[in-house]
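All remarks here apply to the structure that follows.
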Amino acid sequence: MLELGSHVSTSGGLDKGVARAADLGIKAIQVFTKSERQWQAKPLDPEMVARFREMAPVAGIGHLVAHDSYLINVASPEPDKWQRSREALMIELDRCDELGIPWLVSHPGAHMGSGPEEGAVRVAEAINRIHAERPEGKAAILIETTAGQGSSMGSRFEEIGEIIALTQDKSRIGVCLDTCHIFAAGYDIRTPETYAATMASFDRIIGLPYLKCLHLNDSLKDFDSRRDRHAHIGEGMIGVEGFANVMNDTRLAGLPGILETPKDDAGEQDRMNLATLR
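Counted from 1, the sequence shown has number 88 at position 88 by the UniProt record's numbering; the numbering is strictly sequential.
What follows is the structure, encoded as structure tokens:
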């Protein structure tokens, strides 16, 4: 079975996110280590880093995942934007290493009309340069599957497979599969048969060993809509049966399954979704 978790708020400090996760009784968390809508970030406070590292294992959290900034676009054909994005991605990885977070989920970006083939080359080049500049880096990039809006990369398994193929250090790259996104991109998981076909396609094109994390979200929008709109588990177009296929897949046992469903401050909506999945 997946190790269930949630994206938790770090309002008040990253260590507060661990406390919120402990209150939910989850074994996996995803956090932003900085504002997801800003380029700049203050250096991490050493005392807060120490608390975060100490609290997570005590709280029984065995899976730590970070998500990078939404501004980053290492598929961009614009040299200045690409360079700024590459540097920002490297900083995100540095922050993960400080915090002891092994996985950084990252959208592959948008090719801006230049085509997915050229976009994949640019994404891989950014990753390869980062690895060359940080040869001792520990955190790995997890390319997230996307819904396929506009020129966004990552809605086809082939695009992610090509990025991985072009990445030199394959020990520091993997995939985060988002259920809402793949459904919106035209990969059906609602029945045992369609789920099996989708996962067979993933394994053939990318390889199941690269799957390190899942985002568990139902979809407000129809199948193959190319629209990224998350819904509570069982209240969207995927439905409870679709998530039963995911939860019963023994090949995924032990991987973190992170909720990115709508939230409330008290955590009741997370508790509802966790109960549905269990």
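We treat Cβ as the ideally placed atom computed from N, Cα and C, and that holds for glycine.
DSSP beta-bridge partners for residue i?
i: residue 147; result: Partner(s): none; residue 147 has no beta bridge.
i: residue 174; result: 142
i: residue 258; result: 5 and 215
i: residue 152; result: 110
Thinking C-beta only, is residue j closer than 9 Å to residue i?
i: residue 234; j: residue 276; result: yes
i: residue 121; j: residue 89; result: no
i: residue 4; j: residue 216; result: yes
i: residue 107; j: residue 68; result: yes
i: residue 147; j: residue 227; result: yes
i: residue 178; j: residue 136; result: no
i: residue 206; j: residue 254; result: no
i: residue 264; j: residue 195; result: no
i: residue 189; j: residue 258; result: no
i: residue 1; j: residue 75; result: no
i: residue 230; j: residue 220; result: yes
i: residue 95; j: residue 33; result: yes
i: residue 118; j: residue 77; result: yes
i: residue 50; j: residue 105; result: no
i: residue 130; j: residue 163; result: no
i: residue 109; j: residue 180; result: no
i: residue 222; j: residue 232; result: no
Need the endpoints of the alpha helix (DSSP H) that residue i sits in, please.
i: residue 270; result: 268-277
i: residue 17; result: 14-24
i: residue 136; result: Where residue 136 is concerned, there is no enclosing alpha helix (DSSP H), given that its DSSP letter is neither H nor E.
i: residue 179; result: 179-184
i: residue 158; result: 157-166
Specify, as a first and last residue, the run of the beta strand (DSSP E) that residue i falls within.
i: residue 29; result: 28-31
i: residue 3; result: 3-7
Would the beta-carbon of residue i be found less than 8 Å away from any heavy atom of the ligand FMN?
i: residue 249; result: Judged by which ligands are present, the structure shown has none, so any question about the ligand FMN falls away.
Inside the segment 196-255 only - alpha helix (DSSP H) runs reaching at least 4 residues: If we require 4 residues or more, the alpha helix (DSSP H) runs fully inside the segment 196-255 come out as 239-247.
Could you tell me which whole beta strand (DSSP E) segments of length 3 or greater appear in the segment 51-122? Those beta strand (DSSP E) runs which fall completely within the segment 51-122 and span 3+ residues are 63-67 and 103-106.
Would the segment 182-196 count as touching the segment 103-114 if we require 3 or more Cβ pairs under 8 Å? Because the criterion of three Cβ pairs below 8 Å is not met, the segment 182-196 and the segment 103-114 do not touch.
Looking at C-beta atoms only, is the number of pairs between the segment 167-183 and the segment 137-157 that lie closer than 8 Å three or more? Short answer: they touch.
At a cut of 8 Å, does the segment 53-70 reach the segment 16-36 through at least three beta carbon pairs? As far as the Cβ criterion goes, the segment 53-70 touches the segment 16-36, which means the pair count is three or higher.
Using 8 Å as the Cβ pair cut-off and three pairs as the minimum, do the segment 43-50 and the segment 83-100 touch? Enough Cβ pairs lie closer than 8 Å, so yes.
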